[in-house]
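*Asks:* This is the structure I want to talk about, given as structure tokens.
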Amino acid sequence: MDNERQIEELRAKLIQEKDRVIGYPVAKDFDYSSLYKFLAYPINNVGDPYEANTYKVQTHEMEREVVDFFAQLFRAAPKDYWGYVTNGGSESNLYGLYLARELYPKAMVYFSESTHYSVRKNIHLLNLSSITIRSQENGELDYEDLENTLQLNRDKPAIVLTTFGTTMTEAKDDVSKVKGILKKLAIQNHYIHCDAALAGAYGAFIEPRIPFDFEDGADSISISGHKFIGSPFPSGVILAKRSLRDRIARSISYIGSLDTTITGSRNGHSALFLWYAIKKMGIKGLEARYRHSLETAEYCKKELNNIGIPAWTNKGAITVVFPKVSPCIKEKWQLATDEATHIICMPNVTKRQIDEFIVDMVSEKEPVASMA
Ligand SMILES: *Cc1c(COP(=O)(O)O)cnc(C)c1O
């Protein structure tokens with residue numbers, strides 16, 4: 005096959021598949037065409053975005069503005085935050101856990117069984133000890149189990165990894181409850197990392213508020229850039245308290261900067277693209293985006309309930325959860341299926357797509373009904 009044809013076939017396939025993704029948290033309604041000209045430059049954000057750097061084909065200024073934007077959304081203390089644009093939520097989580105381990109090398113990590121799979125791998129990479137805490141039925145951390153387990157390990161520093169929007173049910177762990185438990189047990193050496201890969205982008209707009217940010221007690225927060233905001237390539241952001249990361253920063257003379265990031269070379273285009281997206285949307289636009297998704301999720305839940313499927317959502321969630329679907333529907337709609345199935349009503353998911361999905365669900369039910 006010649007190369008041109010192969011490229012065209014790939015493109016046709018991507019166009020076709022793109023519209024059927026309703027089971028994965030990736031927004032597809034973006035337009036970055038005015039940035040295409042930047043693909044002509046070898047942008048590399050190597051080094052710390054806040055430090056002087058000898059490599060100047062970079063977008064550190066935009067990167068800092070992306071960090072500022074989320075620091076404000078996450079109510080960081082005005083002078084006590086730091087962060088950078090990562091390769092995705094997994095790297096952001098790795099950074100949060102790395103920072104925590106550097107501060108408390110002998111700590112025990114606590115995370116719930118609904119935690120994203122990247123966290124276990126990160127804990128393994130960092131050679132940390134950990135204990136899995138039970139989840140409640142909705143996917144949220146079981147606070148009683150956390151308290152009892154912490155009590156038994158009171159002599160060790162505690163790193164608690166909370167999730168703000170679990171992968172399967174979009175459950176949100178309450179950071180202020182976790183903080184309260186650590187206080188009650190008088191565990192002074194503690195660190196809370198909040199994995200907010202999906203829901204961090206709209207967490208500030210959820211009503212009533214679910215505690216997850218710096219004011220609520222988090223020491224670092226991670227989000228993915230390619231999920232709710234949307235980007236042609238994976239990206240993420242890590243935010244941490246500057247006072248904490250200052251305690252572990254090391255200087256590297258080769259790049260004339262501080263080696264504070266997990267990877268060396270870093271994607272400078274993704275910082276630029278994220279910057280462009282948040283500048284275009286603004287906080288108001290991001291909020292409208294969330295309200296729209298929430299409305300679609302309500303619609304989806306109602307339509308599923310109407311055909312007798314017990315679909316449900318966690319409070320403020322854009323993820324609709326219902327019993328496992330058939331392999332055929334799972335393939336067609338690219339649905340992530342575990343013990344249950346979910347539809348994630350990302351901003352690009354339309355009521356029309358939900359209607360088409362409902363038609364498929366109904367037509368699948370019918371032959372069974374006629375057989376009975
Ligand atoms: C998606 C996700 C991650 C991983 O993020 P990537 O950007 O895919 O690396 C981590 N945690 C949660 C809860 C997620 O939803």
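Going by this note's numbering, the letters in the sequence shown line up with residues 5 to 376, in that order. Built from N, CA and C at the ideal position, the CB exists for glycine as well. Computed from a predicted model, the values in this text were never measured in an experiment.
1) Give, in chain order, every unbroken run of the alpha helix (DSSP H) that is at least 4 residues long and sits entirely within the segment 83–110.
2) Does the segment 73–87 touch the segment 214–224, meaning 3 or more C-beta pairs lie closer than 8 Å?
3) With distance defined between alpha-carbon atoms, name the residue in Cys332, Ala31 and Val70 nearest to tyrosine 280.
4) Taking only three categories from DSSP, how would you classify phenylalanine 277?
5) What does a CB cutoff of less than 8 Å around lysine 305 pick up in its chain, not counting 5 residues either side in sequence?
6) With 16 as the cutoff for other CB atoms within 10 Å, does aspartate 35 come out buried or exposed?
7) Report buried or exposed for glutamate 67, applying the criterion of at least 16 other Cβ atoms within 10 angstroms of its Cβ.
8) I'd like the list of long-range same chain contacts for aspartate 359, defined as Cβ closer than 8 Å, with 5 residues on each side in sequence excluded.
9) Who pairs with serine 134 in a beta bridge, going by DSSP?
10) Run through DSSP, which three-state label would asparagine 7 get?
11) Since leucine 278 contacts isoleucine 233 with CB under 8 Å, what's their CB separation in whole angstroms?
12) Give the range of the beta strand (DSSP E) segment to which cysteine 332 is assigned.
13) Find the nearest neighbour of lysine 160 within the set Gln192, Thr267, Val182 and Glu144, judged by alpha-carbon distance.
14) Hey, is lysine 176 close to ligand 1, as in C-beta under 7 Å from one of its heavy atoms?
15) Report the residue from Ile311, Asp223, Lys22 and Ser116 whose alpha carbon sits nearest the alpha carbon of glutamate 368.
16) With hydrogens ignored, establish whether the beta-carbon of alanine 275 is closer than 7 Å to any heavy atom of ligand 2.
17) Excluding the five sequence neighbours on either side, which residues of its own chain have a C-beta within less than 7 Å of the C-beta of alanine 344, listed in chain order?
18) Report the three-state DSSP secondary structure of phenylalanine 326 (helix, strand or coil).
19) My output table needs one value for alanine 292: the three-state DSSP class, helix, strand or coil.
20) How far does the alpha helix (DSSP H) with leucine 243 in it reach, from first residue to last?
21) Locate the alpha helix (DSSP H) running through tyrosine 121, then write down its first and last residues.
22) Arginine 9: buried (16+ other C-beta within 10 angstroms of its C-beta) or exposed?
23) Report the option in Gly268, Lys60 and Lys336 whose CA atom is closest to the CA atom of glycine 27.
24) If asparagine 97 and aspartate 199 are in contact, beta carbons under 8 Å, what's the gap, nearest whole angstrom?
25) Which of the three DSSP states is assigned to asparagine 309 in this structure?
26) Does the segment 206–216 come close enough to the segment 239–255 that 3 or more CB-CB pairs lie under 8 Å?
27) Given this structure, state the Cα-to-Cα distance separating serine 180 from asparagine 352, to the nearest angstrom.
28) Anyone know if the C-beta pair for leucine 101 and leucine 145 falls short of 8 Å?
29) Smallest Cα separation from asparagine 48: which of Tyr54, Glu55 and His64?
30) Tell me where the alpha helix (DSSP H) around serine 1 begins and ends.
31) In terms of DSSP beta bridges, what is leucine 165 paired with?
32) On the criterion of 16 or more Cβ atoms from any shown chain inside 10 Å, does glutamate 370 qualify as buried, or is it exposed?
*Replies:* With the structure as the only source:
1) 93–107
2) Using a C-beta cut-off of 8 Å, the segment 214–224 makes contact with the segment 73–87, since at least three inter-stretch Cβ pairs fall below that distance.
3) Val70
4) Under the three-state reduction of DSSP output, phenylalanine 277 falls in the helix class.
5) Ala315, Trp316, Thr317 and Val324
6) exposed
7) buried
8) Glu307
9) Val113
10) helix
11) Confirmed, about 7 Å.
12) That residue, cysteine 332, is in no beta strand (DSSP E); its alpha helix (DSSP H) goes 331–336.
13) Of the listed residues, the one whose Cα sits closest to lysine 160 is Gln192.
14) no
15) Ile311
16) Ligands in the displayed structure: ligand 1; ligand 2 is not one of them.
17) Contacts found: Met172, Val325, Phe326, Pro327 and Lys328.
18) Of the three classes helix, strand and coil, the one that applies to phenylalanine 326 here is strand, per DSSP.
19) Correct three-state label for alanine 292: helix.
20) Element bounds for leucine 243: not the alpha helix (DSSP H) but the beta strand (DSSP E), 240–244.
21) 121–129
22) Arginine 9 is classed as exposed because its beta carbon has fewer than 16 other beta carbons within 10 Å across all chains shown.
23) Lys336
24) 5 Å
25) It is helical.
26) no
27) Put simply, the backbone Cα of serine 180 is about 32 Å away from that of asparagine 352.
28) no
29) His64
30) Any answer about residue 1 is impossible in this case: the structure gives the chain only from 5 up to 376.
31) Residue pairing for leucine 165: DSSP places it in a beta bridge opposite Phe115 and His197.
32) By the 10 Å Cβ count, glutamate 370 comes out exposed.
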